[in-house]
């Protein structure tokens, strides 16, 4: 179906699938293009009143150019684009792993309770740091991402334990995740109602997922997490490959099923948790992007690297749209991903219904 | 199944069923009385009865008639409506996991209300209840169509997931609206927690006709539901007009959930839990199941509301949260069964 070529570089050799490589390159190109447009586009105008030209941006990036524009590009737009790219990559990678483990296109950190757990913890910190005054200053700033991370981990653990019945089945995991999500989100909304309205607005922004106001402080943790986790994930690729063939085959290939699933799931949750901690609950990237990558590359299961690259490109593009769509103000990127992602999930459901697999 | 003659079994289940229903009626009355008596100030049941319908000039009269009576009546209406709606939804979808909140109906009503408040500047219940209905109707039809597309019809899992997908979409749109307007945020966040606080007799009077109409449609739908549980073909052979029955069912669901959601916010899981308990009391006959689900709904909502007043030292937990705390474990137990309970 697709051309596979062996590539040798000295002692190292690997398989090169042409179609996958092409999609990967296209992803890089899309990310580059969206990034460049995002760098140039915005309300800032040059001191002479003229619009910012690509030349001006290049001048700034190479160290020269207009000082005001340099501030806008280096301190506002670049960190935002990088946060978007890294968060998108982490979410899509997390989704690709989850879908690989469950052999189910519908499982994703959004549906497995991770997002809801992160949300409830983050909103608790936002709400308590405000009106109740128990947490303030730096503690509140660091508190939100840390709490979000822990909340996501705990919720995922809870869902996993509750869905466990001598093993994990796809549909049970998804349904338990939905149930846990609905409990956690009702607690989230109660928390929203106890604080004052400014805090509620801040919390809703976080809940929707937003890159507004991202700075280098947001870039660093995701970058470090990705640098640490991606090699580990890629090292586990063979496990996902084995799981894909079904439990019996995987077992006969020497894979310890439950240990492998648990390890991979922890990696997926960590990735989603870090991403959610820095940009809020941007939904559907983890769900939709791996499936898009799967279809584009024609591979048997969601491809890891390609998913990550497309996730980065998609998030940066969605944020660009969110930032420029309405003249009145900036939408959170999560609104765009929800509006694009939900119809996709619906399409997925309808399509699988026709195939007769009843959704899962 | 059993060796005893069919007639004796029937008589036996019938008396057992009547006994259980009598007990349920007693429990409903007790819940109503407790809801009037319990709170930051406990009022003895005798004093409650004395104060009922009387003056609001005394402190007891003000608490009972001014605060707790409207709240309790809203609980009764909401419980009836959600319990019955849950039974009708589960009957039509033959889906044990169906619930207005899980199926995106609540979110549809929410988006309708939020849009009404923002675009129309409507902040009175009677203004935005129509938008709540419209939103609920559109969401219901969307979810059913998605869940039912293709062969095999709506399975528990597809319907739950279609509901989730639609909910996510609507939630995204709601966030977009809410973030542009702090006035909307303020109304939305209180509404979203799901609470019986702040209801008054005026609001209740306006919502009641819709709920009564919904209940009438649901009761009229019960014999068709009995036939539909044997399959659409059998129902048709028995002389039921299937599409008419479906339309009546959806109309009833929308009236009941739309009205409750508009005035009380999303009170989740009543519609999920109650029909299962009701089935335990009445068996699968919808002519019994639907009204019993209504009564059980009343008990569940009132008990959740009363518990919410007692759990916190200061303030209280809204009924919506308490219902989720009770409902989710129930949902998870259902999901963990070897085979999802079939209806």
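Residue numbers (our numbering), protein chains in the order written: chain S, 1 to 360; chain R, 1001 to 1343.
Quick reminder that beta carbons are idealized off the backbone N, C-alpha and C, glycines included.
Quick caveat: nothing in here was measured; it's all calculated off a predicted structure.
task = Give the interface partners of residue 200 of chain S over in chain R, defined as CB-CB distance under 7 Å, in chain order.
result = Simply 1185, 1189.
inquiry  = Do residue 272 of chain S and residue 114 of chain S have their beta-carbon atoms positioned less than 8 Å apart in this structure?
reply    = Cβ distance < 8 Å, so residue 114 of chain S and residue 272 of chain S count as in contact.
ask   = Between residue 151 of chain S and residue 118 of chain S, is the Cβ-Cβ spacing less than 8 Å?
value = Less than 8 Å divides the Cβ of residue 151 of chain S from the Cβ of residue 118 of chain S.
ask   = Closer than 8 Å, CB to CB, is residue 1331 of chain R near chain S or not?
value = By this cut-off, residue 1331 of chain R is an interface position.
message = Just checking: is the beta-carbon of residue 1328 of chain R within a distance shorter than 8 Å of some beta-carbon in chain S?
response = Closer than 8 Å: yes.
key: Spatially closest choice to residue 192 of chain S from S:225, S:120, S:147, by CA coordinates   = Considering only S:225, S:120, S:147, the residue with the shortest C-alpha distance to residue 192 of chain S is S:120.
query = CB residue 237 of chain S to CB residue 304 of chain S, shorter than 8 Å?
reply = For residue 237 of chain S and residue 304 of chain S, yes; Cβs fall inside 8 Å.
message = In whole angstroms, give me the CA-to-CA distance for residue 1204 of chain R and residue 1135 of chain R.
response = A direct Cα-to-Cα measurement between residue 1204 of chain R and residue 1135 of chain R gives close to 21 Å.
query = Which residue's Cα is closest to the Cα of residue 1196 of chain R: R:1098, R:1279, R:1305, R:1160?
reply = Per the C-alpha coordinates, the member of R:1098, R:1279, R:1305, R:1160 positioned closest to residue 1196 of chain R is R:1305.
query = So, is the C-beta of residue 941 of chain R closer than 8 Å to a C-beta in chain S?
reply = Lying outside 1001 to 1343, the shown extent of chain R, residue 941 of chain R is not represented and no answer is given.
inquiry  = Among S:78, S:226, S:67, whose alpha-carbon lies nearest the alpha-carbon of residue 39 of chain S?
reply    = If we check each option's Cα against that of residue 39 of chain S, S:78 comes out closest.
query = Counting only runs that start and end within the region 175-245 of chain S, where is the alpha helix (DSSP H) found for 4 or more residues in a row?
reply = List check, alpha helix (DSSP H) in window: 197-208, 216-235, 237-244.
Three-state secondary structure assigned by DSSP to residue 1264 of chain R = In the three-state reduction of the DSSP assignment, residue 1264 of chain R falls in the helix class, which pools H, G and I.
task = Please list the partners that residue 1025 of chain R has in chain S, where partner means a Cβ-to-Cβ separation under 7 Å.
result = Within chain S, no residue has its beta carbon less than 7 Å from that of residue 1025 of chain R; the closest one is some 30 Å off.
task = Return the residue from the list S:68, S:31, S:61, S:34 that minimises the CA-CA distance to residue 49 of chain S.
result = Ranking S:68, S:31, S:61, S:34 by Cα distance to residue 49 of chain S puts S:68 first.
query = So, does the CB of residue 1275 of chain R fall closer than 8 Å to a CB anywhere in chain S?
reply = Not one chain S Cβ lies under 8 Å of residue 1275 of chain R.
request  = Pick out the complete alpha helix (DSSP H) segments inside the region 1061-1136 of chain R, 4 residues or longer, and give them in chain order.
outcome  = You should have 1069-1093, 1105-1119.
query = Mind pulling the chain S residues with CB within less than 8 Å of residue 1318 of chain R?
reply = Within chain S, the residues near residue 1318 of chain R are 190, 193.
request  = Please say whether residue 1235 of chain R and residue 1224 of chain R have beta carbons closer to each other than 8 Å?
outcome  = Less than 8 Å divides the Cβ of residue 1224 of chain R from the Cβ of residue 1235 of chain R.
ask   = Which of the three DSSP states, helix, strand or coil, is assigned to residue 1336 of chain R?
value = If DSSP states are grouped into helix, strand and coil, residue 1336 of chain R belongs with the helices.
request  = Determine the DSSP secondary structure at residue 323 of chain S, reduced to helix, strand or coil.
outcome  = DSSP places residue 323 of chain S in the helix class (H, G or I) of the three-state scheme.
message = With three or more beta-carbon pairs closer than 8 Å as the criterion, would you say the region 226-245 of chain S touches the region 289-308 of chain S?
response = They touch, by the three-pair rule.
task = Report the neighbours of residue 1094 of chain R on chain S: residues whose CB is nearer than 8 Å to its CB, in chain order.
result = For residue 1094 of chain R, no chain S residue has a C-beta closer than 8 Å to its own C-beta; the minimum C-beta separation is roughly 13 Å.
task = For residue 131 of chain S, count neighbouring Cβ atoms within 10 angstroms of its own Cβ and tell me buried if that reaches 16, exposed if not.
result = Any reading at residue 131 of chain S needs caution, since the residue's pLDDT is 45, under 50, leaving its predicted position unreliable; the model's value is listed next. Under this definition residue 131 of chain S is an exposed residue.
request  = Compare the C-beta of residue 1149 of chain R with all C-beta atoms of chain S and state if any pair is closer than 8 Å.
outcome  = Chain S, which has a Cβ nearer than 8 Å to the Cβ of residue 1149 of chain R, makes this yes.
Separation of residue 1137 of chain R from residue 1108 of chain R, as counted between CA atoms = Computed Cα separation, rounded: 8 Å.
task = Measuring only between beta-carbons, confirm whether residue 147 of chain S sits less than 8 Å from chain R.
result = Residue contact check for residue 147 of chain S against chain R: no CB pair falls below 8 Å.
key: DSSP three-state assignment for residue 4 of chain S, whether helix, strand or coil   = In the structure shown, residue 4 of chain S sits in a strand (DSSP, three-state: E or B).
inquiry  = Out of R:1081, R:1038, R:1015, R:1068, which one is the CA nearest neighbour of residue 1215 of chain R?
reply    = The option with the nearest alpha carbon to residue 1215 of chain R is R:1081.
task = Could you work out which residues of chain S lie near residue 1146 of chain R, taking near to mean beta carbons separated by less than 8 Å?
result = Ordered by position in chain S, the residues that pass the 8 Å Cβ test against residue 1146 of chain R are 346, 349, 350.
request  = Look up residue 17 of chain S in the DSSP assignment and give the residues it is bridged to.
outcome  = BP columns for residue 17 of chain S point to S:4.
request  = Quick one: grab the DSSP three-state call for residue 1048 of chain R.
outcome  = Helix, per DSSP.
inquiry  = By the three-class DSSP mapping on this structure, what secondary structure does residue 134 of chain S have?
reply    = Residue placement at residue 134 of chain S is flagged as unreliable, the pLDDT there being 47, under the threshold of 50; the coordinate-derived value follows with that caveat. Assignment of residue 134 of chain S by DSSP, reduced to helix, strand and coil, places it in the coil class.
ask   = Should residue 1159 of chain R and residue 1098 of chain R be called a contact, given that it needs their Cβ atoms to be closer than 8 Å?
value = Taking C-beta atoms as the reference points, residue 1159 of chain R and residue 1098 of chain R count as a pair closer than 8 Å.
query = Excluding the five sequence neighbours on either side, which residues of its own chain have a C-beta within less than 6 Å of the C-beta of residue 148 of chain S, listed in chain order?
reply = Closer than 6 Å at Cβ, skipping near neighbours: 118, 121, 122, 276, 277.
inquiry  = Going residue by residue through the region 21-86 of chain S, where are the continuous alpha helix (DSSP H) segments of at least 4 residues, counting only ones entirely within it?
reply    = List check, alpha helix (DSSP H) in window: 54-61, 67-71.
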